[in-house]
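First the structure, in the form of structure tokens, and then the observations on it.
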Amino acid sequence: MANKLVAITLLSSIVLLSCISVTISSSLAFYNVVSFGAKPDGRTDSTQPFHLAWMAACSSARPATVYVPRGTFLIRSVTFNGPCRNRIAFEIDGTLVAPWDYHVIGNTGYWIYFKQSMVEPLMQGVLAFGLVEKPQVLALLELGYVLHF
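Mapping the sequence shown onto UniProt numbering, position 72 (from 1) lands on 72, and the numbers just tick up by one.
In structure tokens form, the structure reads like this:
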């Protein structure tokens with residue numbers, strides 16, 4: 001009798017945790033830049049895949065995460081436009097690098113620009129990352145940092 005009670009309790013707990021997990025995962029949209037074609041080799045231009053992941057996250061009706069996994073991603077000049085439909089977290093576990101020849105960026109005056117995006121930085125790091133909102137505002141990130149919009 002006690003064994004049946006333990007088994008039923010254990011089974012109920014597993015079902016409950018599964019339901020909670022499904023609810024949590026279905027409430028967030030997750031966009032891995034690699035799924036959009038970004039290459040973590042530091043040589044292949046990953047600008048377009050990053051932009052596509054941002055556009056998907058920006059148009060999501062649910063809070064979204066743009067995820068950059070471990071690896072080195074070459075990014076040319078890019079603008080991440082807003083306003084977005086919902087909150088976005090930009091989670092970076094990898095490294096973003098600019099082209100060695102800064103002339104390929106052109107006369108844009110920036111490398112990575114978040115336009116009309118609400119930024120809530122909780123900065124602890126010292127890695128120069130890009131421009132946010134205005135050309136005079138510099139965002140700072142550290143490896144493994146999550147930037148919320």
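The C-beta atom is built at its ideal place from N, Cα and C for all residues, glycine as well.
In the DSSP assignment, what residue or residues form a beta bridge with residue 30?
65
Pairing CB atoms from the segment 30 to 40 with CB atoms from the segment 68 to 81, are three or more of them under 8 Å?
yes
Here's the rule: buried if 16 or more other CB atoms are within 10 angstroms of the residue's CB, otherwise exposed. What is residue 157?
This structure does not reach residue 157, given that the chain is present from 1 up to 149, and the question cannot be answered.
Is the distance from the Cβ of residue 38 to the Cβ of residue 49 below 7 Å?
yes
Tell me which residue opens and which closes the beta strand (DSSP E) that residue 73 is part of.
72 to 74
Just to confirm, is the Cβ distance from residue 62 to residue 29 under 7 Å?
yes
Between the CA atoms of residue 81 and residue 101 - distance to the nearest angstrom:
25 Å
Do you know offhand how far residue 52's Cα is from residue 40's?
16 Å
Give the DSSP-derived three-state secondary structure of residue 98 in the structure shown.
coil
Opening and closing residue of the alpha helix (DSSP H) in which residue 56 lies:
47 to 58
According to DSSP, residue 105 sits in a beta bridge with which residue or residues?
Note: residue 105 sits in no beta bridge, so no partner.
In whole angstroms, what is the alpha-carbon distance linking residue 92 and residue 64?
14 Å
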